[in-house]
Structure formats: structure tokens, C-alpha cells
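Scroll down for the structure; my scribbles are underneath it.
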Amino acid sequence: MIGVISYLVFFTTVASILAIAVLGLNLQWGNTGLFNGGVVAFFGAGAYGTLILGGTAQDGQLGGFALPYLLALLGGMAVAGIMAWIVGVLTLRLRHDYLAISTFGIAVAFENLMRNAQWLGGGAQGIRGFERPLRAALGDGFTYNILFLLCVLGLLFLTYRFLETLVASPFGRQLRAIREDETAARSLGKNPDHIRLTAFITGSVIMGLAGGLYATFYAFISPQDILPTLTFQIWAMLIVGGAGNNKGAMLGAFLIWAAWTASGWALSRFAPVEAQLYTGSIQYILIGLIIVGMLLWRPQGLLPERLVVSQSGKRPE
Amino acid sequence: MIQHLLDGILVGAILSLGAAGLTMVMHMLRFANFSHAELLSIGAYAALVFDQLFKGLMPVMATHIGPLSMTWALVAAMLVSMVITGLSAVLFDRLIFRRVRENGEELSMVFASFGLALIIRNAIGLIFGLHTKLYSQDIVFATVLSRDPLILVKPDQLASLAITLTLIAVLHLILSRTTFGYALRAVAENPTLAQVNGINLRRMIVVVWLLGGGLAALAGVLYGLNNQITPVIGRDLVLPIFAATIVGGIGSIYGALLGGFIVGIAANLAVMVFSAGYSPAVPFLIILAVLLIRPNGLFGEERT
């Protein structure tokens, strides 16, 4: 029984962390229509940033600044934001294709850099040896994991509240206005470039937060954790849940993560031994089919975007 | 230096073929097709299957052409593969892209292509296995062009280059001399106006997929011939091919051809500056540099 509960705690923690990343993506894609093909780069920037800033010194490696945990986490988020700013300034005024390609490119480049730059992120071995916050006080066991889960759930809730408020604010109206009709928004005196950049950076910082929490949870990060396939998974979560709907984004995160872990478990358990090597391939085909299937048959997702009516009293037809 | 240049030209030729097809599709259907590079994998594996088949059916075809590792069987298989890959591209459009397009959400196309790429890549891994394969087990020795500095060229590399250049010439003739070429350029210029003038847009889309798929198949076979055939060819080449289209300017076929060579050569020359491990990141730097200096590419026009 305790095994089941502790697995559920583990599962919920990872799913909640990913849900935060999906919320960040929803701000970019769901609310603003920005195609980020490199979610994992910003996630990874947060993860590496947090570990490098907060970790203890290692030989021949940058970092080990041993900053207080919250500062390290904020630093990781800042690294993600700076990366988003550079890519955004260069590409956001162009067509969405360019943004999709260059964000995909930054994810490839980031993974490549981390795999090679031994001095920066430990190379292929990754960064280890991060002292988890409050570990000394709470020990390493079940209590710690429960408390960490509560923290993650709290941050998920805060992110959700923040984004709901943001989307309901005049700024949120501007985002949708730009998504729907940029020319009209511009003619009303709005500056789409500026607003888009703000939304892109904000979303990426939230992904950085998710990455930082992920690295904290595992106390380890390596290039293996930031492969482009994580981008696909996070995207699948948003598509399934419903782009434009923050509740949908969180629902999708839990559903896809459950489907992913359940299929992995089932394959490892029931598939013949010689097929075990292909478990990953089968799982990725499933993810691909879910993505394409949703786009074909239910493009609005399980929880569609709610129609926002700005003038009260007038109900939409 | 010259060795890197030569290798770069060869890689560039392969990227050119991939980018030419991609740029046509991107321009006509207005979406960044992340699954285009997977067509190279399909091409490489289709050729592998038919190569074995032809060798089995007609052992005569298994003889090597001159000093090449290429056999007549592979040449025939390559042609079959171009047709098959082109037809697969049309099929993917029918099954997925056309329907997403008709749902009206233009941006969803990019995402559909993400999903399709994931399916194709892993399905290939599942069917053919994750390990690498080769068209020929025979070792072909490189010809020494010069000893100081040492420059080595494999006969296969020269043949690949010759095939690519021939195909580029054919493509040029198609674009500049045929009604189809005019129609293609008209659609690229202004799809609505082209339709008013009696161009069947649906048929044009099919032809563009066939052409793009065929070029991609050829690129895939040449890549497999000079490297190895693995299920991750598409994953490794998607970014360089995108870089080539952006360098050339999206929609410009000639730009894409030139862009392919530029990216291939730049990525190979970069090995002299950075360590080889960093070369997958070079296309990204090229993309950023182009967007910074000339956002619409060398031959591209401003688009909305």
C-alpha cells in the first residue's frame, strides 16, 4: 500500500511539474498563437540554471555557486527568459514558421551544447550532487517527497492563478486580439511585436520554472533529459487538454503523463523480451498518433477554449 | 581545409535536394513541414528494400558500376524509391495535411507535421530495427587526390555529386521551360490569381508533393550511400534542411539549392573552429545569422 501511495506521490509530482510547463506553452500558443518548437530548451535552461547556480562546486566545471535555493530557481527562470528574449527579438516579427524553426533549432543547439561543454554542464554525464532544499531538516524519505509535492502543487496553482488573471486582464485581451487579427490590433494602436515578445518571454520563464523544479526533484540533469521528444510530449499535453484553456492544459498534462507511464509499464511487462528494445519507439508512435488524431477529430481539445465576452449582458449566440 | 570543403559540398548537395522540395511545400501550403526530412529516411529505406529485391531477382544487377560501391540494382531501386516516396508524401497530405488544412487552422499544420515526423521515424525503427544498415558491405577505397595536404575523395562522393547536379539541371528545365513550371511559379506568386487563371490548385499541390518527395528520396539514398542508413536520418537532417531553406529564402527554389551548399560547407568548415561535437548546432547559428542580417534569405521576398 505504501508503495502505491509513494508511487502516486512520485507520479503526481512529475505530472504537476510538466503541467507548469504546459501552462507556459498555453500562454504562448493557446493565448497568443506563437509556435514554440523548442519548449525543452527553455525547460532545460531552467533546469541547468538552477543546478549550476544552486549546486556545490565540482572540479573543472562552472558553477557550484551554492546560492540559496530560491535564488537559484529564480536564476534558472531568468536564464530561460534571456534565451527567449534573444530568440524572440530575432524571429517574432517574422512569420510564425521562422519562430517554429528557430525555437526547434535552439532546442537542438542547447542539447548539443550541454552534451559537449564539459565545463558548463558536465557534458554527457550531466550535473549531479545538488543538495535538495531543506533536506537536512526533513530527511530523504516519504515526508520529504510529500512536502515537495505540496510545494509543486502550490506553484502549479500560483502559476494557474497568475495566468488566469493575466488572460482576463487587458493584456490578455490584447494577446487574443493579436492572435485573431493582427492588423486590426495594430490599427487600434497596439504594438503586436512588443506584446508578443512579452508573452513569449513570460511563457518561457514559466517553462524555466518547470525545468528548475524537475532538476530539483531528481537532483540531477543531463542532456538525456532534454531531448526534443520532451517537446513533443508537452505539446501533446496541450493539444489533448485544449489549447487556450488553462484547466485543459493541466488536465492534458496528467492524462498524457498517465498514458505515457502506463504504456511504458504495460510494454515492459507484457511485450516479448525481444521487443523491449522498441518500447520507446512504440510509445513515441502512440504520442504521434494522439497528436495527429486530436488535430483531425477534435482540434479544440478535451476542454475547448471558453469564449470570452468582454461586454457583460450580451451573451454570444 | 580543402578536404572539409569537399565533404561540405557533398553534404550540401544532399541538403540542397531536401531543401528544394521543402521550400516548395512551405511556400505553397504556408507551413513549416517538420516531417519533410523523414521523407529522406523513407527514401533511403525504400531503396534498401528494392536494392535487395533486384539483387535477388536479377543477380546480374548486383555488379558494381565502375569503381563505385553503387550497383545497377541500387540505381534502379533509387528510381523506384523516388516514386514511392513521392506517393507517400501525397498520401500523408491526403490523410493528414489536407484535412487539417480544411479544418482551417493554419498553424496546426506545423504541429501535425511534428506528430507525423514522430510516427514515421519510430515506425521505421520498429520495422527495420534501430541499428544502422548499409547498401553495400564492400569497402571502397578513397582515391587520393593529393598527398600534401592529404585530400581523399571516394568515387561514390563524385557520383553522388554528379547525380545531384544532373537533377538540379533537370529541375531547372522543368521550372523554366514547362507549363508546369510556369504554373508552379504563378501559384507561388499569388495562389488566388493563379486559380482565377485556370490553374488547378489541388493538382498543383499533388505535383509539388510528388516532386518534393522524389527529391527527398534521392537525397536520402545519397546520404545513406555516403554515410549509413539509420532511422534517425530525418532527425539529424531536419535542422540543416530548414537552415538551407531559410538561407535561400522560403519559397525560392534556387535559393534553397544554393542554401543547401552554403549550410553544408559552413557546417563542415566549422569543424576546424569548434570541435566536431558541436556541428549539429551550426545550422541554428546560421539561421540566427541570416535572420539577423537578411531576414528574408538571399533570394526571398517579404511575405506576410
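Residue numbers (the numbering used here), protein chains in the order written: chain A, 11 to 327; chain B, 15 to 318.
Even glycine gets a Cβ: it sits at the ideal position worked out from N, Cα and C.
- In terms of Cβ geometry, residue 277 of chain A and residue 262 of chain A do not form a close pair [threshold 7 angstroms].
- In this structure, the alpha-carbon of residue 170 of chain B lies about 34 angstroms from that of residue 199 of chain B.
- Your pair residue 239 of chain B and residue 289 of chain B does not check out as a contact, with CB atoms roughly 27 angstroms apart and the cut at 8 angstroms.
- By the rule that beta-carbons nearer than 7 angstroms mark a contact, residue 243 of chain B does not touch chain A.
- Per DSSP, the continuous alpha helix (DSSP H) segment holding residue 296 of chain B begins and ends at 296-307.
- Assigned with DSSP and collapsed to three states, residue 75 of chain A falls in strand.
- Looking at the backbone, the Cα of residue 284 of chain B and that of residue 128 of chain A are separated by about 19 angstroms.
- Within 9 angstroms of the CB of residue 123 of chain A, the CB atoms of chain B belong to 292, 295, in sequence order along the chain.
- Under DSSP, residue 166 of chain B takes part in a beta bridge, and its partners are B:158.
- Contact with chain B is found for residue 100 of chain A, since one of that chain's Cβ atoms lies less than 7 angstroms from the residue's Cβ.
- In this structure, residue 230 of chain A lies near residue 138 of chain A, with their beta-carbon atoms less than 7 angstroms apart.
- Per the Cβ contact rule, the region 74-82 of chain B is not in contact with the region 266-286 of chain B (fewer than 3 Cβ pairs under 8 angstroms).
- Distance from the CA atom of residue 67 of chain A to the CA atom of residue 164 of chain A, rounded to whole angstroms, is 30 angstroms.
- Here DSSP, grouped into helix, strand and coil, assigns residue 200 of chain A to coil.
- If you draw a straight line from the Cα of residue 223 of chain B to the Cα of residue 166 of chain A, it is about 44 angstroms long.
- In this structure the region 122-138 of chain B touches the region 245-260 of chain B; the number of beta carbon pairs closer than 8 angstroms is three or more.
- In the three-state DSSP reduction, residue 113 of chain A falls in the helix class (H, G or I).
- Neighbourhood of residue 242 of chain A in chain B, by CB distance below 7 angstroms: 128, 132, in chain order.
- Distance check between residue 98 of chain A and each of A:27, A:293, A:289, A:116 places A:116 closest, using alpha-carbon atoms only.
- Here the alpha carbons of residue 219 of chain A and residue 225 of chain B stand approximately 45 angstroms from one another.
- The secondary-structure analysis by DSSP pairs residue 231 of chain A across a beta bridge with A:137.
- Partner residues in the beta bridge of residue 243 of chain B, as assigned by DSSP, are B:147.
- Comparing C-alpha distances from residue 100 of chain B to each of B:244, B:32, B:207 shows the shortest one belongs to B:32.
- Residue contact check for residue 118 of chain A against chain B: a CB pair falls below 7 angstroms.
- The Cβ of residue 122 of chain B sits closer than 7 angstroms to at least one Cβ of chain A.
- Around residue 83 of chain A, the same chain offers 60, 222 as residues with beta carbons nearer than 6 angstroms, after the five sequence neighbours per side are excluded.
- For residue 15 of chain B, there is no enclosing alpha helix (DSSP H), as DSSP marks it with neither H nor E.
- In the structure shown, residue 60 of chain A adopts helical secondary structure according to DSSP, grouped into three states.
- Pairwise C-beta distances place the region 202-217 of chain A out of contact with the region 79-97 of chain B, as fewer than three of them are shorter than 8 angstroms.
- Residue 135 of chain A counts as exposed, since fewer than 16 other beta carbons sit within 10 angstroms of its beta carbon.
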